[in-house]
Amino acid sequence: ESCGNIDCPNNFYKCNSTKCIFKAYICDGKEDCEDGSDESYIHACGRPPFRCPAGQWQCPNVTERCINLTTVCDGKPDCPNGADEGPDCDFDECQHQGGLCSNGCKQTPQGPLCLCPKGETLRADGTNCEDLNECDPPGICSQNCINTKGSYFCSCVPGYILEPNKHS
Numbered sequence: 231e232s233c234g235n236i237d238c239p240n241n242f243y244k245c246n247s248t249k250c251i252f253k254a255y256i257c258d259g260k261e262d263c264e265d266g267s268d269e270s271y272i273h274a275c276g277r278p279p280f281r282c283p284a285g286q287w288q289c290p291n292v293t294e295r296c297i298n299l300t301t302v303c304d305g306k307p308d309c310p311n312g313a314d315e316g317p318d319c320d321f322d323e324c325q326h327q328g329g330l331c332s333n334g335c336k337q338t339p340q341g342p343l344c345l346c347p348k349g350e351t352l353r354a355d356g357t358n359c360e361d362l363n364e365c366d367p368p369g370i371c372s373q374n375c376i377n378t379k380g381s382y383f384c385s386c387v388p389g390y391i392l393e394p395n396k397h398s
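Read in order, the letters of the sequence shown are residues 231 to 398 in the numbering used here.
This is the structure in structure tokens:
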């Protein structure tokens, strides 16, 4: 027997099963609806592109493998295919091209890599940094995510209190 239409409050998503979940749970990689509708292709859920964490370097031609940036061009192969070493490590373009990067520079086998401080990411120009939007993709906070310069914070919809973990 049906109880009629169920409306979900703002900031909530109605699962196909009529359960209400926070919109932040959509496309977060976990099925929060019993029917999995929150992870459906309808929402264009797809895995975000792989990125190494700050201070790490992605091994070229190796799927989702990162090594510490400090071990790149250190004379010892750390990537499974040894791609973190090579003849281009010997030519330090970071020193030869002063002012190449706005923040810092590290020589890699593919040439110079501009570095950014925590909370920032490299712009498409490859030399300047910009604020990283930690709220994109959603899911880092259980309800509301507010991006700030170099960081972010989570907040709750009215009627809820933020847990000590500051995320849910």
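Even glycine gets a Cβ: it sits at the ideal position worked out from N, Cα and C.
None of the values given here were measured: they were computed from a predicted structure.
| Query | Result |
| --- | --- |
| Taking only three categories from DSSP, how would you classify Cys344? | strand |
| For Ile251, write down the residues that DSSP places opposite it in a beta bridge. | Tyr243 |
| Alpha carbon to alpha carbon, how far is Gln373 from Ser385? Give it in angstroms, no decimals. | 7 Å |
| Can you list, in chain order, the residues of its chain whose CB lies under 6 Å from that of Gly380, leaving out five sequence neighbours each side? | Gly349 |
| The ligand HEM and Pro367: does the residue's C-beta get closer than 7 Å to at least one heavy atom of that ligand? | You won't find the ligand HEM in this model; it holds no ligand whatsoever. |
| Secondary structure at Ser232, three-state DSSP: helix, strand or coil? | Residue confidence for Ser232 is low, a pLDDT of 44 falling below 50, so the modelled location carries little weight; the figure read from the coordinates is stated next. Residue state, collapsed to three classes: coil. |
| Tell me which residues share the same chain as Cys309 and place their Cβ nearer than 7 Å to its Cβ, disregarding the 5 neighbours each side in the sequence. | Cys289, Val292, Arg295, Ile297 |
| Under 7 Å Cβ to Cβ from Phe252, same chain only, skipping five residues before and after it: list those, please. | Asn241, Phe242, Ser372, Gln373 |
| Contact between the region 245-259 and the region 356-364: three or more CB pairs below 8 Å? | no |
| Quick check on this structure: which residue in Leu330, Gln337, Lys260, Asp237 has the alpha carbon closest to the alpha carbon of Phe321? | Gln337 |
| For Ile297, does the three-state DSSP call read helix, strand or coil? | strand |
| Using only the alpha-carbon positions, how far apart do Pro388 and Lys260 sit? | 24 Å |
| If you draw a straight line from the alpha carbon of Ile272 to that of Ala284, how long is it in whole angstroms? | 32 Å |
| Contact defined as beta carbons within less than 8 Å: I believe Tyr382 pairs with Glu393. What is the distance between those atoms, to the nearest angstrom? | About 16 Å separates the two Cβ atoms, so there is no contact after all. |
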